[in-house]
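Asks:
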Amino acid sequence: MSEYQFSEKYRDQLLRCSSCGFCRASCPVFNLTQRPALNARGKMLVLQEVFEGNLPLDEELHETLFQCTTCANCSTHCPSGVEVPTIIKEARRDLAQAGACHPTFIGMDQVLDKYSNIYGEDEPEDFERERNQEAENVFFIGCVGQYRDEEPTEATLDLLDHLEVDFTLIDEVCCSGVLEDVGLSLKEPLAQTNIERILATGAKRLITACPYCMRTFQNHPAYAPLKEAGVEVVHISQFLKDQDFGVTTDLKVTYHDPCDLGRHCGIYEEPRETIKKVAPNLLELAANREAANCCGAGGGVRGAFAANSIAMARRRLEEVEASGADILLTECNSCVHNLGNAKLRSQKFQIFTTPQFIHALVEGDLD
Ligand code: SF4
Ligand code: SF4
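Numbering follows this note's numbering, in which position 285 of the sequence shown is assigned residue number 320; successive positions increment by one, without gaps.
#1: Thinking C-beta only, is Cys245 closer than 9 Å to Val200?
#2: Given a cut-off of 9 Å, decide if Cys210 and Thr251 are closer than it, judged by their beta-carbon atoms.
#3: Rounded C-beta distance between Ala75 and Cys58? I'm assuming under 8 Å.
#4: Taking all protein chains shown into account, do 16 or more other C-beta atoms lie within 10 angstroms of the C-beta of Phe50, making it buried, or fewer, making it exposed?
#5: Considering only residues of the segment 182 to 223, which uninterrupted alpha helix (DSSP H) runs meet the minimum length of 4 residues and lie entirely inside it, listed in chain order?
#6: Determine the DSSP secondary structure at Thr99, reduced to helix, strand or coil.
#7: Go ahead and pull the three-state DSSP assignment for Leu90.
#8: Near Tyr154, which residues of its chain fall below 8 Å by C-beta distance, leaving aside the five closest residues on each side in sequence?
#9: Taking only the alpha-carbon atoms, compute the straight-line gap between Pro159 and Gln385 and give it to the nearest angstrom.
#10: Three Cβ pairs or more, each shorter than 8 Å: is that satisfied between the segment 306 to 320 and the segment 84 to 92?
#11: For Leu78, count the other beta carbons within 10 Å of its own beta carbon; 16 or more makes it buried, fewer makes it exposed. Which is it?
#12: Have a look at Ala273 and Leu363 and give me their C-alpha separation to the nearest angstrom.
#13: DSSP on Glu308, reduced to helix/strand/coil?
#14: Give the list of continuous alpha helix (DSSP H) stretches no shorter than 4 residues that lie fully inside the segment 261 to 311.
#15: Taking 9 Å as the threshold (C-beta atoms), are Leu318 and Ser358 in contact?
#16: Just the C-alpha distance for Thr104 and Gly134, rounded to the nearest angstrom, thanks.
#17: Starting from the C-beta of Cys367, find all residues in its chain whose C-beta is less than 7 Å away, skip the five residues before and the five after it, and write them out in chain order.
#18: What residue range is occupied by the uninterrupted alpha helix (DSSP H) comprising Thr68?
#19: Could you tell me which residues DSSP puts in a beta bridge with Asn172?
#20: Using 8 Å for Cβ pairs, my map puts Tyr290 next to Ile271. What's the rounded Cβ distance?
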């Protein structure tokens, strides 16, 4: 590979890192592996070496650059304001442009050229509902809820019906924002398909189940036509905050802040307000809100380093066990999926999305 010309665009950010090591304690990858090269400080040092021309930016750096969930726990607590996930994503992009993208994500990119979802599935679950109807709201499920974790999705749809919300599903395709995290680019044709189908419903609100889909719809320029058409984009946790459910429980409930909803969007209190309506005795995990530990699924880590991803989830579940909660709630299907896969038989608490939990209470399936 030819010598890498380090981009000026994040040079200043990178050089801001003083190697203070303040970020070590908050990095889920470092806490798991205990490898200094894999925490934010180590990654910044490696990239500084690349910047100085002492290291090539090539496949040898895959492990350093892709063992990051982009959880932003480091940057949230960095005294020098180093935007670590942004730098990591930029370095991944330069790696891809130099022809050295991680093979897992080359595969994902190819799948999204051919299929409408990251799993390469032909047929989505239909959830026994009409799609593409005129309605006030579109509910956008996302790939995980559509193709892998259907139970929370079914329960959320039933809850919206119970609340008499005027909504429709669409023949949705992957928002493809995840490609931006791994050094590749969102697929414009997929974005155009979603935009056309959302606008055709006449809806003025787009409710997403997935925090990452919400971030993509709100922030990526390809989705600007939604904003221009006056479509408000909200996460289901924000929408449910203003609803009345008519049920409460004494069960001990705790809450895992998804990184994409919490640190990346600043949404901490709305999910808690919703939960407290039905479970007033909400317990907090030892690390919560800005300090919440990542479930290990983000930033492509689940795809490229599955064993470490599960091991990070196990560490988060140890906090749940220590809290004494009966129920763990979260607001992201990816978190539910990863935490659910990591849960040990000996761990007796149950894991739900918040809408799934509320629906179970409404149905009398929990006491
Ligand atoms: S990223 Fe921030 S907290 Fe971590 S070593 Fe660099 S300056 Fe310190
Ligand atoms: S974004 Fe998260 S996983 Fe990546 S270096 Fe920072 S703390 Fe570690």
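The C-beta atom is built at its ideal place from N, Cα and C for all residues, glycine as well.
Replies: Once the coordinates are examined:
#1: no
#2: yes
#3: 4 Å
#4: Note that residue 50 is Leu in the sequence shown, not Phe. Exposed.
#5: 185 to 197, 213 to 216
#6: helix
#7: coil
#8: Val146, Cys178, Tyr182, Arg183
#9: 27 Å
#10: no
#11: In the sequence under discussion, the amino acid at residue 78 is Lys, which differs from the Leu named in the question. Buried is the call here.
#12: Strictly speaking, residue 273 in this sequence is Gln, with Ala absent from that position. Answer to the nearest angstrom: the Cα atoms are 19 Å apart.
#13: helix
#14: 271 to 275
#15: yes
#16: 22 Å
#17: Cys245, Pro246, Pro293, Asp295, Leu296
#18: 63 to 68
#19: Phe202, Arg240
#20: The Cβ separation is near 14 Å, so there is no contact.
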